[in-house]
Amino acid sequence: MTENGTTPADSATRPVRVNSWNGWDPLRHVVVGRADNAVVQAPEPAVRRDFPDDGFPLGTYGPMPAEMTAEANEQLDNFAEMLRRRGIRVDRPTPVDFSRQVATPDWTQDSMSGCMPPRDLLLTVGNEILEATMSYRSRWFEYLCYRPLLQGLFDADENMRWEAAPKPRLTDASYRPGFWDTYNTLETEEQLARVRDYDLVLTEAEPLFDAADVARFGKDLFVQLSFVTNRSGYQWLKRHFPDYRVHAVTSTNTHPLHIDATWVPLRPGLVLHCGERLADAELMEFFQRNDWEIIEAVQPASWDHPPKLSYCSPWLAGNMLNLGPNTLCIEEKEVALADQLSSYGFEVVPVPFRAVGPFGGGLHCATFDIERDGELEDYFPRRYGRF
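The C-terminal position of the sequence shown is numbered 371 in the working numbering, with every residue numbered one higher than the one before it.
What follows is the structure, given as structure tokens:
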């Protein structure tokens, strides 16, 4: 018997149901990504990859090394099997040939990316699964990897809502020209000012957002403005979910990219916060007035040698998966973080996952939940400021 009251046999025989309102209710059904066919993306306006010490200097692209792909897939497969042993149903995406050139009438892109981080693309809110827009041309067609799975869920659950945000055109009008030529040369305070003012790589020509920039807390959804999510994307989400309170948030992060290692829901009344990416004072006060304790995460484990071809920061440590309100999957090398959270009564499940980072993130990035026990609840009865 597992924490969520199931056995491995149950997971195969339970009716399929799309239902997930937050990030901590007992997990019953999840998708785990794959590293197959992943590539270092070809140049494009939204992102730059520059790994001169790893064989991919700026402007070059191509398949991830075979030995790295094999190691990442081994860790992903072992993680998926561990979840199954705990009685959780696990599905996987269907990779395509990401090395292929792709095009729309507006642009041609010399490669795609991969399908390791399903959290970037797919957002479950209640009985709805929403496909995000994405803002990288290399990820425009990534939804194809999940269409067989989503079709199966739609066929199996008559109450499932299957939605897709408007596919963006991603013309040059969606990006600020020359952004990357100047941004990384700016002083930290100037970068932070541009984050606060949302003066980043994306324009407001069309709604753009990644699903991983949305943190779900029942009735409240917190949308981080970032390198991949613009104000128009936030407004689209706000209109799409009229029965929810949808909030735009930022932090003191010079390179914001997804909220799920910065402001991490643990269970009702408890949220983990990356102390080097301070949330604005109004957000902190809003949580405190609603009797939430904010834990400042300990420093992540030292990366003496950052993983080859990785664009993730050491704060990927906070990118964890809740199996239930008292159980957390954490990367095995993050011992200090595990000890910190154990002191709050959590069972910590250490998971070897460092090899997966270069393929798009950590344990939360590598998953998206289809079903958790529980119902929609309001965890923030008190209003404060813009919240």
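For every residue, glycine included, the Cβ atom is placed at its ideal position computed from N, Cα and C. These numbers were taken from a predicted model, which means no experiment stands behind them.
To the nearest angstrom, report how far apart residue i and residue j are at their CA atoms.
| i | j | result |
| --- | --- | --- |
| Glu361 | Pro41 | 48 Å |
| Thr213 | Leu192 | 5 Å |
| Lys151 | Glu126 | 12 Å |
| Phe206 | Gly7 | 12 Å |
| Leu347 | Arg370 | 32 Å |
| Gly98 | Gly46 | 12 Å |
| Phe63 | Ala54 | 14 Å |
| Gly202 | Trp146 | 19 Å |
| Ala56 | Arg84 | 21 Å |
| Pro309 | Ala245 | 18 Å |
| Phe163 | Pro240 | 15 Å |
| Leu321 | Pro284 | 7 Å |
| Pro365 | Leu221 | 21 Å |
| Arg(-2) | Gln93 | 42 Å |
| Glu315 | Arg70 | 18 Å |
| Phe35 | Ala87 | 25 Å |
| Cys313 | Arg356 | 16 Å |
| Pro101 | Gly344 | 6 Å |
| Asn274 | Gly341 | 34 Å |
| Pro27 | Glu331 | 42 Å |
| Gly358 | Trp5 | 7 Å |
| Ala116 | Leu106 | 6 Å |
| Glu277 | Ala195 | 25 Å |
| Ser158 | Met96 | 19 Å |
| Asp81 | Asn21 | 6 Å |
| Trp91 | Gln324 | 48 Å |
| Trp124 | Thr155 | 12 Å |
| Leu293 | Arg367 | 43 Å |
For the alpha helix (DSSP H) containing residue i, list its first residue and its last residue.
| i | result |
| --- | --- |
| Leu176 | 172 to 180 |
| Gly412 | Shown here, the chain extends from -15 to 371; a query on residue 412 therefore has no answer. |
| Ala50 | 50 to 69 |
| Phe270 | 265 to 273 |
| Asp165 | 163 to 166 |
| Leu186 | Neither: Leu186 is in no alpha helix (DSSP H) and is coded neither H nor E. |
With DSSP collapsed to three states, give me the class of residue i.
| i | result |
| --- | --- |
| Val340 | helix |
| Trp287 | coil |
| Glu331 | strand |
| Arg200 | strand |
| Arg(-2) | coil |
| Glu315 | strand |
| Arg18 | strand |
| Tyr130 | coil |
| Ala320 | helix |
| Ala87 | strand |
| Gln93 | strand |
| Pro102 | helix |
| Pro79 | coil |
| Arg32 | coil |
| Arg12 | strand |
| Asp244 | coil |
| Phe211 | coil |
| Ser158 | helix |
| Phe138 | helix |
| Leu293 | coil |
| Gly302 | helix |
| Ser119 | coil |
| Val325 | The sequence given here places Leu at residue 325; Val does not occur at that position. It is helical. |
My understanding is that residue i touches residue j, with C-beta atoms under 8 Å, so please give their C-beta distance in whole angstroms.
| i | j | result |
| --- | --- | --- |
| Cys349 | Asp104 | 7 Å |
| Arg160 | Val185 | 6 Å |
| Pro137 | Val16 | The displayed chain sequence assigns Leu, not Pro, to residue 137. Rounded, the Cβ-Cβ distance is 15 Å, inconsistent with contact. |
| Gln59 | Phe337 | 5 Å |
| Asp181 | Tyr363 | The Cβ separation is near 30 Å, so there is no contact. |
| Asp141 | Val230 | The Cβ separation is near 25 Å, so there is no contact. |
| Tyr120 | Ala30 | 5 Å |
| Ala339 | Met52 | 7 Å |
| Ile113 | Leu128 | Incorrect: roughly 15 Å between the Cβ atoms, too far for contact. |
| Thr234 | Gln175 | With 8 Å as the limit, Thr234 and Gln175 do not qualify as a contact, their Cβ atoms being about 12 Å apart. |
Can you name the start and end residues of the beta strand (DSSP E) that residue i belongs to?
| i | result |
| --- | --- |
| Arg251 | 247 to 251 |
| Val255 | 254 to 257 |
| Leu372 | Because the chain spans -15 through 371 in this model, residue 372 falls outside it and cannot be assessed. |
| Gly308 | 305 to 308 |
| Arg145 | 145 to 148 |
| Asp353 | 351 to 356 |
| Asp75 | 73 to 75 |
| Arg229 | 229 to 233 |
| Leu192 | Run containing Leu192: none; DSSP gives neither H nor E here. |
| Leu114 | 112 to 115 |
| Ile278 | 277 to 280 |
Does the beta carbon of residue i come closer than 7 Å to any beta carbon on chain B?
| i | result |
| --- | --- |
| Arg160 | Among the chains in the structure shown there is no chain B, since it carries only a single protein chain. |
Pair every Cβ in the region -1 to 13 with every Cβ in the region 255 to 266, then say whether three or more of these pairs are closer than 8 Å. no
Counting pairs of beta carbons, one from the region 207 to 226 and one from the region 250 to 261, are three or more of them closer than 8 Å? Cβ pair count under 8 Å is below three, so no.
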